[in-house]
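Its first residue numbered 200, the sequence shown is counted upward by one per residue in my numbering. Where a beta carbon is used, it is the ideal one built from N, C-alpha and C, also for glycine. Quantities reported herein were computed from a predicted structural model and do not represent experimental measurements.
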Amino acid sequence: MDTNDRLRRWRLILGSEAQKRMDCMGDGPELSQEDLMMDMALDAIYNRDMKFSFGGGGGKGASSPHISRWLGDVRTLFDKDLVKIIQSDAMERCGLKQLIFEPELLDNIEPDMHMASMILTLKDQIPKQSKENAREFIKKIVEQINALLETDLKRAVTASINRKLHSPIPSASALDFHTTIRKGIKDYNTKLKKIIPQKYYFFERSATTAANKYTVILDIDQSGSMGESVIYSSIMSCILASMSAIKTKVVAFDTNIVDLSEKCEDPIDLLFGFTLGGGTDIEKSIKYCTKYIENPKKTIFFLISDLEEGGNRAGLLRRLTQMKEDGVIVICLLAISDAGKPFYDANMAQRIANNGIPCFAAAPQMLPRLLEKAMKNEDISEFANSNMGAMK
200 MDTNDRLRRW RLILGSEAQK RMDCMGDGPE LSQEDLMMDM ALDAIYNRDM KFSFGGGGGK
260 GASSPHISRW LGDVRTLFDK DLVKIIQSDA MERCGLKQLI FEPELLDNIE PDMHMASMIL
320 TLKDQIPKQS KENAREFIKK IVEQINALLE TDLKRAVTAS INRKLHSPIP SASALDFHTT
380 IRKGIKDYNT KLKKIIPQKY YFFERSATTA ANKYTVILDI DQSGSMGESV IYSSIMSCIL
440 ASMSAIKTKV VAFDTNIVDL SEKCEDPIDL LFGFTLGGGT DIEKSIKYCT KYIENPKKTI
500 FFLISDLEEG GNRAGLLRRL TQMKEDGVIV ICLLAISDAG KPFYDANMAQ RIANNGIPCF
560 AAAPQMLPRL LEKAMKNEDI SEFANSNMGA MK
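Okay, here's the thing in structure tokens:
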């Protein structure tokens with residue numbers, strides 16, 4: 200890297216305020232047109248003398264770009280990861296919470312979880328003219344997560360049901376990949392460099408009868424800190440609800456309880472059924488969810504919460520423990536997120552873990568494997584310790 204390139208990078212980092220000083224020292228770098236566009240885009244939120252405006256100038260400095268144009272410039276000039284960081288900073292530094300509800304703006308914002316969580320938090324304040332744009336923005340996020348989870352979740356469920364029995368009835372969703380490949384190795388085609396199986400194996404579908412169905416209950420904390428978890432778990436719920444082998448129930452709670460099980464056909468409707476923010480009464484929601492437990496040994500209960508209980512803490516622990524003793528597979532997810540360690544009540548999490556209930560944060564990519572292991576009745580605690588940093 201030559202001297203001018205190093206100075207150019209420092210100049211972009213320090214902002215336009217550094218230009219005069221660098222020029223006075225005789226070290227002013229040469230900035231290209233693209234560099235100047237980057238500088239202007241960054242100045243709009245990181246220079247204290249600049250601020251967004253709709254048209255003319257604003258603040259003490261020079262005229263800043265119209266917000267719509269600024270969003271377009273940022274998406275053109277920087278890669279997606281940087282775009283998300285810059286957008287997030289703009290929200291906090293420049294008060295853009297109001298601006299994102301302008302219909303033309305939402306179309307230009309790069310979809311990310313932080314933005315989606317904020318829109319869901321403020322959905323009741325979205326003006327009428329922006330509601331459809333807000334739904335379209337959330338739809339983009341849903342499509343991304345769906346692409347990440349759908350195939351693996353469905354495969355995990357299929358693999359866990361009657362996995363030793365096979366059926367002569369072909370079904371793409373019930374294809375036993377492992378057996379088909381293992382027994383098809385002998386059919387390897389050296390010219391095509393592919394396995395061309397002479398026979399395909401499909402899982403037995405009899406497990407989809409009502410008596411054999413698993414019930415998966417997702418009890419989801421809708422306090423403001425759980426935004427990403429709400430989004431991931433909602434989409435997971437809709438994917439599971441589309442499968443005949445699973446009965447899916449979704450309950451949202453703060454200090455009140457909202458049963459969203461009937462909204463699982465449409466992930467957008469389900470997400471807009473949540474009301475992020477408010478207090479927390481976990482014990483009351485668990486009590487409500489027990490009405491869906493028909494066959495404890497065929498029930499998986501996910502509590503998705505930061506465990507900041509504002510209600511009966513002893514009752515919360517007692518109900519979870521009783522569920523486990525009855526044969527329900529109980530799993531406590533402190534967060535479903537790519538963002539790192541969640542904020543949660545460590546004392547309550549430890550007490551739950553001490554009662555033999557897995558209690559951990561989960562990356563979304565781990566959900567299919569987690570569900571498969573639960574349905575196979577394998578040791579979730581060991582899996583959590585090795586993959587997700589569980590409470591010990």
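Cβ pair residue i, residue j closer than 7 Å
| i | j | result |
| --- | --- | --- |
| Lys-390 | Lys-412 | no |
| Leu-617 | Cys-531 | Residue numbering for the chain in the displayed model covers 200 to 591; residue 617 lies beyond these limits and cannot be assessed. |
| Ala-451 | Gln-421 | yes |
| Lys-462 | Asp-468 | yes |
| Ile-337 | Leu-470 | yes |
| Val-341 | Pro-495 | no |
| Ser-428 | Ile-535 | yes |
| Phe-582 | Lys-575 | no |
| Tyr-399 | Thr-379 | yes |
| Glu-233 | Arg-274 | no |
Same chain only: Cβ atoms within 7 Å of residue i, ignoring 5 sequence neighbours per side
| i | result |
| --- | --- |
| Asn-388 | Ile-395 |
| Met-236 | Asp-272, Leu-276 |
| Gly-426 | Ser-316, Leu-319, Thr-320, Leu-475 |
| Ser-215 | Asp-238, Asp-242, Asn-246 |
| Thr-407 | Summary for Thr-407: the model assigns pLDDT 45, below 50, so the residue's position carries little reliability, and this model does not support an answer. |
| Ser-433 | Pro-466, Leu-469, Leu-470 |
| Arg-205 | none |
| Met-522 | Phe-500, Val-529 |
| Ala-240 | Trp-269, Asp-272, Val-273, Leu-276 |
| Phe-473 | Leu-319, Gln-421, Val-429, Ala-451 |
| Asp-386 | Ile-394, Ile-395, Pro-396, Gln-397 |
| Arg-334 | Ile-467 |
| Lys-279 | Glu-309 |
Chain-order list of residues whose beta-carbon lies under 6 Å from that of residue i (same chain, five-residue window excluded)
| i | result |
| --- | --- |
| Ser-405 | Note that Ser-405 has pLDDT 48, beneath the 50 cutoff, so the model's placement of it is unreliable and the number below is only indicative. Correct list: empty, nothing qualifies. |
| Leu-533 | Pro-541, Tyr-543, Ala-560 |
| Lys-497 | Tyr-413 |
| Ser-460 | Lys-448, Val-449 |
| Ser-329 | Phe-300, Pro-302 |
| Ser-359 | Glu-571, Met-574, Lys-575 |
| Glu-349 | Ile-438 |
| Arg-292 | Ile-244 |
8 Å contact criterion, which residue i and residue j should meet: CB distance rounded
| i | j | result |
| --- | --- | --- |
| Asp-306 | Lys-283 | Between Lys-283 and Asp-306 the Cβ distance is about 17 Å, and since that is not below 8 Å, they are no contact. |
| Val-449 | Ile-430 | So it is not a contact: roughly 13 Å between Cβ atoms. |
| Asn-511 | Glu-464 | With a Cβ gap of about 34 Å, Asn-511 and Glu-464 do not count as contacting. |
| Asn-332 | Pro-302 | 5 Å |
| Gly-514 | Thr-479 | Contact flag wrong, Cβ pair sits at about 13 Å. |
| Leu-281 | Leu-304 | About 19 Å separates the two Cβ atoms, so there is no contact after all. |
Nearest neighbour of residue i, chosen from the options [CA to CA]
| i | options | result |
| --- | --- | --- |
| Tyr-245 | Asp-234, Arg-274, Gln-286 | Gln-286 |
| Lys-490 | Ile-467, Ile-416, Ser-422, Phe-376 | Ile-416 |
| Leu-506 | Gly-526, Thr-498, Ile-485 | Ile-485 |
| Met-547 | Arg-517, Leu-304, Gln-521 | Arg-517 |
| Asp-578 | Ala-562, Gln-564, Pro-563, Gly-555 | Gly-555 |
| Tyr-487 | Glu-493, Gly-472, Asp-458, Gly-478 | Asp-458 |
| Leu-347 | Asp-323, Asp-537, Gln-232 | Asp-537 |
| Lys-327 | Ser-504, Phe-300, Glu-349 | Phe-300 |
| Ser-424 | Arg-550, Ala-545, Ser-504 | Ser-504 |
| His-313 | Asp-323, Ala-289, Gln-324, Ile-325 | Ala-289 |
| Asp-354 | Ser-441, Asp-323, Glu-335 | Rather than Asp, the amino acid found at residue 354 in this sequence is Arg. Among Ser-441, Asp-323, Glu-335, the Cα nearest to that of Arg-354 belongs to Ser-441. |
8 Å CB neighbourhood of residue i in its chain, flanking five on each side removed
| i | result |
| --- | --- |
| Leu-352 | Met-435, Ile-438, Leu-439, Leu-566, Pro-567, Leu-570 |
| Ala-409 | Any answer about Ala-409 is weak, because its pLDDT of 49 lies below 50 and its placement is not dependable; what the coordinates show is given next. Counting only Cβ-Cβ distances below 8 Å, and skipping sequence neighbours, we find nothing. |
| Gly-383 | Ile-394, Ile-395, Pro-396, Gln-397, Lys-398 |
| Asp-525 | Ile-492, Pro-495 |
| Gln-324 | Phe-300 |
Residue-chain proximity (residue i, chain C), Cβ-Cβ < 7 Å
| i | result |
| --- | --- |
| Leu-304 | As a matter of chain content, chain C is missing from the structure shown, which is built from one protein chain. |
Just list the alpha helix (DSSP H) runs in the region 531-561, keeping only unbroken ones of 4 residues or longer that don't cross its boundaries, in chain order. 545-553
Checklist entry - At which residue ranges does the region 368-455 contain complete alpha helix (DSSP H) runs of 4 or more residues, listed in the order of the chain? => result 376-383, 426-440
Whole beta strand (DSSP E) elements within the region 476-520, 3-residue minimum
498-503
Counting only runs that start and end within the region 304-338, where is the alpha helix (DSSP H) found for 4 or more residues in a row?
312-320
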